[in-house]
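Protein chains in written order, with this note's numbering: chain A, 78 to 619; chain B, 5 to 330. Only one structure is covered here, and it is reproduced in the block below.
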């Protein structure tokens with residue numbers, strides 16, 4: 078019996094299990110890719126506009142750090158600067174989750190043990206997980222290439238860009254295969270691989286920020302740290318510009334190396350155990366943990382800290398480029414018109430800041446949705462049952478989680494706004510507009526809470542569908558906010574997103590009316606959800 | 005004195021499935037009441053209704069004198085629950101989970117907590133994710149029995165425990181009842197109920213089919229015997245109380261004996277120079293198979309399709325009446 082016996086059968090099982098989730102990821106990649114490519118095509122229609130855009134991205138240090146190196150004035154190259162990094166991170170996350178789901182999570186749930194007792198080779202589960210993730214990455218690459226071709230871009234560049242995207246997915250599948258051997262829990266394995274992704278992002282951010290602008294002024298030569306990052310390799314392929322095929326060879330090389338490492342580590346440990354042993358915990362509970370609200374805080378705190386740090390970093394980046402971006406937008410007619418829809422007659426920089434904070438608020442709502450849906454996970458996994466069988470009232474338990482979600486949302490947007498404001502103020506010295514950045518973040522709070530209300534309502538009324546409803550509501554808000562104006566959706570559709578109603582502070586004055594309406598919507602939905610939760614059966618997955 | 009649990013005609017439906025179809029259950033204060041039934045019969049559903057986790061669709065129920073749905077929180081201060089499948093927070097230690105569950109119930113006796121951890125041989129510093137099923141069960145048991153409550157609701161509490169720990173569990177239950185506590189103990193193992201319970205109720209397909217003291221239910225308990233001897237066994241089939249005889253050769257036989265006739269049969273065997281003798285109590289599944297003519301989980305059609313044993317079972321299945329008469 079070889080170490081790979083049964084891989085084919087396990088791969089078919091994995092495909093069967095992921096038949097919904099992987100196509101959803103691919104659709105998201107294709108949709109976001111199509112949106113960005115279409116947007117770039119309409120924003121930079123003329124050669125002069127593309128030259129301005131390329132010159133800006135080549136010159137602006139924050140833009141280099143957060144988008145990547147400018148690679149000339151070809152429409153495809155400009156689209157890639159806008160789209161590639163976000164899509165590559167998405168595909169990497171898809172790969173990480175797929176591999177961890179079919180390796181470490183299976184071990185946690187005890188499924189791996191059952192499979193291991195069958196006629197299955199020692200490396201078959203790992204091989205099947207990697208093959209699945211490789212297939213999904215390849216699918217994402219093909220989808221992206223097709224999107225680029227459909228946008229009328231050059232064939233060679235489209236294929237190179239798709240291959241680069243697939244390559245990033247491949248490498249991070251192998252990274253997750255390694256972290257799944259090292260850590261004993263699926264959460265830690267995912268977090269470990271995501272941390273590697275974060276390091277990869279930072280390496281190329283440093284490399285690109287420290288790069289040199291070529292004589293043409295529209296191209297950036299990255300410094301060496303970019304070459305240490307798989308995300309950087311994807312951009313160094315320079316699709317639509319130089320189409321450096323040789324760079325693509327780095328992806329399979331590193332993938333094979335990491336896969337071999339994972340396979341070797343797998344033989345050095347027992348099923349279910351990690352290489353990093355669990356530290357022993359306290360034998361008695363601390364004072365905080367003796368109340369159910371304390372338990373809720375324990376469940377949510379790392380999520381809140383992680384989100385706050387991540388959002389603050391991104392907000393600081395946007396704050397730092399705020400002024401430059403405003404000037405750039407003022408020079409681009411299409412961009413000026415798009416931002417002008419937010420508020421009549423606002424200054425370009427202020428409009429850009431308002432737009433940025435609105436976008437970041439939708440992202441921050443991801444924290445709120447995730448935190449509120451944790452209630453459903455606790456219920457479905459059977460951990461709510463023993464709590465409610467103790468002297469814990471349903472409303473009290475719900476209230477603890479709601480309070481953390483609401484206060485956490487305020488803290489998160491406060492951190493986002495503060496980081497953006499400090500960065501903007503430090504770069505420009507204009508501290509009064511910087512105060513506007515903070516206000517732009519805080520004014521979004523009622524909209525995020527209104528979206529949270531949808532989740533609470535769903536949790537109370539339709540618990541089994543709550544997760545799908547919650548994430549769909551967030552995705553819809555994102556689509557409406559980002560692409561609504563671009564696709565010229567009717568106002569009635571735009572109005573469905575709570576974020577549409579938020580005044581574009583600091584470009585226009587704060588208004589009480591929408592704030593009160595949004596808070597009212599949040600309260601009413603929460604109240605109905607809470608009453609429904611009190612009256613319904615516990616819906617335990619079994 | 006009002007009974008600790010009193011349910012009449014309890015109905016609970018999930019969609020088109022009628023999980024509880026008129027359950028009548030009475031548990032007197034201070035007794036250990038066995039709640040028996042095969043998997044899927046409605047034991048956990050009944051318990052969840054009693055705990056106010058599910059809302060009943062029909063019937064009446066009082067628990068410790070209150071309404072389990074309306075008065076849930078007040079009642080839960082007075083009882084402790086151990087679920088059949090214990091799920092814990094993966095990154096909490098076992099000790100933290102015990103304290104949390106105990107304190108949420110309204111307080112925990114620290115000395116008793118530490119003593120129970122010792123007796124159940126549990127390491128409270130390990131993370132819950134690393135615990136086996138049996139150890140998770142122990143966490144819930146320690147949290148329950150370290151609380152000072154009037155009633156314990158235990159849903160298959162020994163699944164996953166080894167025999168040594170089962171013995172500890174039985175001691176702990178005995179101590180709790182000596183203090184006057186009431187215990188509702190669900191199980192699908194008849195022998196466990198026989199050791200612990202004053203009275204038992206048997207649920208099947210959402211209805212209580214038998215209820216009474218173990219002496220009342222003696223007609224349900226037969227012992228499975230497998231014996232090998234040096235001398236030929238002779239005509240076992242003719243002995244009173246012997247059923248379902250399978251004789252592989254003249255010195256080797258398997259059969260079932262009514263408990264009342266076990267002594268006479270053993271006297272017959274000892275004269276034949278016994279080499280090996282194993283006696284095992286019947287499982288609840290065997291009991292149902294014999295007593296109601298079908299296996300509860302797969303309905304009548306499957307039982308007919310089953311070759312030899314089903315034939316024997318259906319033959320003895322007239323026993324539904326015979327048993328009732330005994």
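From the three backbone atoms N, C-alpha and C, an ideal C-beta is built for every residue, glycine too. Being a predicted model, the structure only gives us computed values, none of them experimental.
(request) Determine the DSSP secondary structure at residue 337 of chain B, reduced to helix, strand or coil. (result) In the structure as shown, chain B starts at 5 and stops at 330, and residue 337 of chain B therefore has no counterpart that could be examined.
(request) Could you tell me the distance, in whole angstroms, from the CA atom of residue 174 of chain B to the CA atom of residue 96 of chain B? (result) 28 Å
(message) I'd like to know whether the C-beta of residue 478 of chain A is nearer than 8 Å to at least one C-beta of chain B.
(response) no
(message) Along the segment 442-475 of chain A, where does the CB come closer than 7 Å to a CB of chain B? Name the residues.
(response) 458, 459, 460, 462, 463, 464, 465, 466, 467, 468, 469 and 470
(request) Using beta-carbon positions only, say whether residue 143 of chain A and residue 247 of chain A come within less than 8 Å of one another. (result) no
(message) Considering only their Cβ atoms, is the gap separating residue 285 of chain A from residue 297 of chain A smaller than 8 Å?
(response) yes
(message) Let me make sure I understand the geometry here. Which of B/37, B/16 and B/101 has the alpha-carbon closest to that of residue 369 of chain A?
(response) B/101
(request) Can you give me the Cβ contacts of residue 142 of chain B inside the same chain, cut-off strictly under 6 Å, excluding the 5 residues immediately before and after it? (result) 124 and 126
(request) Using only alpha-carbon positions, find the residue among A/196, A/524, A/231 and A/139 that is nearest to residue 80 of chain A. (result) A/196
(request) Answer yes if the segment 221-240 of chain B comes into contact with the segment 59-72 of chain B, meaning at least three C-beta pairs across the two stretches below 8 Å, and no otherwise. (result) no
(message) Less than 8 Å between C-beta atoms, sequence neighbours within five positions excluded: which residues of the same chain meet that for residue 12 of chain B?
(response) 28, 63, 64 and 65
(message) Using beta carbons (cut-off 8 Å, strictly below), is residue 369 of chain A in contact with chain B?
(response) yes
(message) Beta-carbon within less than 7 Å of residue 204 of chain A's beta-carbon, same chain only, minus the 5 sequence neighbours each way: which residues are those?
(response) 81 and 84
(message) Mapping the DSSP letters down to three states, classify residue 139 of chain B as helix, strand or coil.
(response) helix
(request) For residue 144 of chain B, decide whether its Cβ has a neighbour in chain A, counting only Cβ atoms nearer than 8 Å. (result) yes
(request) Give the single residue among A/198, A/190 and A/217 whose Cα lies nearest to the Cα of residue 105 of chain A. (result) A/217
(request) State the Cα-Cα distance for the pair residue 93 of chain A and residue 566 of chain A, rounded to the nearest angstrom. (result) 36 Å
(request) Please report how far the alpha carbon of residue 309 of chain B lies from the alpha carbon of residue 202 of chain B, in whole angstroms. (result) Reliability of the predicted coordinates at residue 309 of chain B is poor, the pLDDT of 35 falling under 50, and no value is obtained from them.
(request) Identify the contact partners of residue 85 of chain B in chain A, using a Cβ-Cβ distance below 9 Å as the criterion. (result) 462, 463, 466 and 467
(request) Determine the chain A residues that contact residue 160 of chain B at a beta-carbon separation under 9 Å, and present them in chain order. (result) Near residue 160 of chain B there are no residues of chain A at all, since even the closest Cβ is about 14 Å away, more than 9 Å.
(request) Please list, in chain order, all residues of the same chain as residue 208 of chain A whose beta carbon is under 6 Å from its beta carbon, the five residues on each side excluded. (result) 88
(message) Quick check: is the beta carbon of residue 355 of chain A nearer than 8 Å to any beta carbon in chain B?
(response) yes
(request) Tell me, please, which residues DSSP counts as bridged to residue 66 of chain B. (result) B/10
(request) Below 7 Å CB to CB, which residues in the same chain sit around residue 130 of chain A once its five sequence neighbours on both sides are set aside? (result) 121 and 155
(request) Starting from residue 359 of chain A, find everything on chain B with Cβ-Cβ shorter than 8 Å and list it in chain order. (result) 97, 99, 100 and 129
(message) Considering just the uninterrupted stretch of the beta strand (DSSP E) at residue 283 of chain B, what are its terminal residues?
(response) 278-284
(request) Could you tell me which residues DSSP pairs with residue 16 of chain B in its beta bridges? (result) B/24
(message) Let me make sure I understand the geometry here. Which of A/349, A/152 and A/172 has the alpha-carbon closest to that of residue 318 of chain A?
(response) A/152
(request) Starting from residue 381 of chain A, find everything on chain B with Cβ-Cβ shorter than 7 Å and list it in chain order. (result) Within chain B, no residue comes near residue 381 of chain A; the closest Cβ sits about 15 Å away, beyond 7 Å.
(message) According to DSSP, is residue 103 of chain A part of a helix, a strand, or is it coil?
(response) helix
(message) Residues of the segment 61-87 of chain B in Cβ contact with chain A at a cutoff of 7 Å, in chain order, please.
(response) 77, 80, 81, 85 and 87
(message) In the DSSP assignment, the alpha helix (DSSP H) including residue 446 of chain A goes from what residue to what residue?
(response) 425-457
(request) Can you give me the start and stop residues for the beta strand (DSSP E) that residue 206 of chain B sits inside? (result) 203-208
(message) Could you tell me the alpha carbon to alpha carbon distance between residue 599 of chain A and residue 523 of chain A, rounded to whole angstroms?
(response) 8 Å
(request) From the DSSP output, read off the bridge partner residues of residue 289 of chain A. (result) A/298
(request) Tell me whether residue 389 of chain A sits in a helix, a strand or coil according to DSSP, three-state version. (result) helix
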